[in-house]
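> Numbers in the working numbering are just positions in the sequence shown, counted from 1, shifted up by 82.
Where is the CB? At the ideal position from N, CA and C, for every residue including glycine.
Sharing a structure here in structure tokens format.
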Amino acid sequence: MHDPLPENGAIRKLWTADAAIYREHLLRLDSVSRRNRFGGAVSDDFIASYVGISGGLDGVIHGFFVDRVLRGAAELRPLGTAFATEAEAAFSIERPWQSHGVGTALLSRTLLTARNRGFKLLYMACLADNRRMQQLALKFDAELTFDFGSVVGEVEAAHPTPLSVMRELVVDSTGFATAMLDVQSRLIRPG
Ligand SMILES: CC(C)(COP(=O)(O)OP(=O)(O)OC[C@H]1O[C@@H](n2cnc3c(N)ncnc32)[C@H](O)[C@@H]1OP(=O)(O)O)[C@@H](O)C(=O)NCCC(=O)NCCS
């Protein structure tokens, strides 16, 4: 049902309580990855503010964890009104885990969520020289169409199907249990 992940890797959705680990993950990105993720060089302060603001926005973030440490993330944010049919997706994978299929697995999950939210257009902010992101998007060219520099994808089945909703519920129930364990272990960890 899912793409294979590197050993000890798991994907689950992030929750509000995960803001700190999301910030730490983004701060760990090497300079090239950070530039690619944000479309230019950004400071540590920018990243801290970004995470603070993005936590208050409507959206879904899938996280890729290795041994409970967040090593990759895919954000999906509606663009516009409460009934938006367009969304933006952005990916960040720490360098040692790049080119191991994590982006493929995260994009697959993101597309499933996009379909279930009824998004018809998915924008992927992508620098023109980011070949890998473009290659990744091309793998889903049955579901995506492309525009120059930035990649613009159209989600093929814009309405949820019973199967797609069920698939998301199944992966969420697994992810939720892990999420609660993670939050709990952080709460009880001695200072
Ligand atoms: C871009 C990014 C999301 C891709 O994710 P990834 O996990 O590295 O990609 P995958 O391993 O799933 O590979 C996807 C495809 O990219 C291509 N690819 C992989 N490694 C590559 C490399 N080193 N050079 C060129 N193409 C490459 C392949 O076509 C691959 O598909 P295949 O393995 O079926 O042949 C990830 O590298 C990343 O986060 N980079 C830094 C931040 C960034 O660029 N974000 C995107 C802007 S929003």
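Could you pull the start and end residues of the alpha helix (DSSP H) that residue 128 belongs to?
Per DSSP, residue 128 belongs to the alpha helix (DSSP H) from 126 to 136.
> Based on the DSSP secondary-structure assignment, which residues constitute the bridge partners of residue 209?
Answer is none; residue 209 lacks a bridge partner.
> With DSSP as the reference, please indicate the residues paired to residue 94 in a beta bridge.
Note: residue 94 sits in a beta bridge opposite 145.
> Residue 165 to residue 129, Cα distance in whole Å?
One C-alpha to the other measures close to 28 Å.
> Since residue 154 sits in a beta bridge, which residues does DSSP pair it with?
DSSP output for residue 154 lists 146 and 175 as bridge partner(s).
> The alpha helix (DSSP H) with residue 187 in it runs from where to where?
That run of the alpha helix (DSSP H) goes 184 to 199.
> Shorter than 6 Å, the distance from the beta carbon of residue 218 to the closest heavy atom of ligand 1, or not?
It does: the Cβ of residue 218 is within 6 Å (strictly closer) of some heavy atom of ligand 1.
> Put residue 109 into one of helix, strand or coil per three-state DSSP.
Note: residue 109 maps to helix in three-state DSSP.
> Below 6 Å, is the gap between the Cβ of residue 131 and the nearest heavy atom of ligand 1?
Incorrect: residue 131 has no Cβ contact closer than 6 Å to ligand 1.
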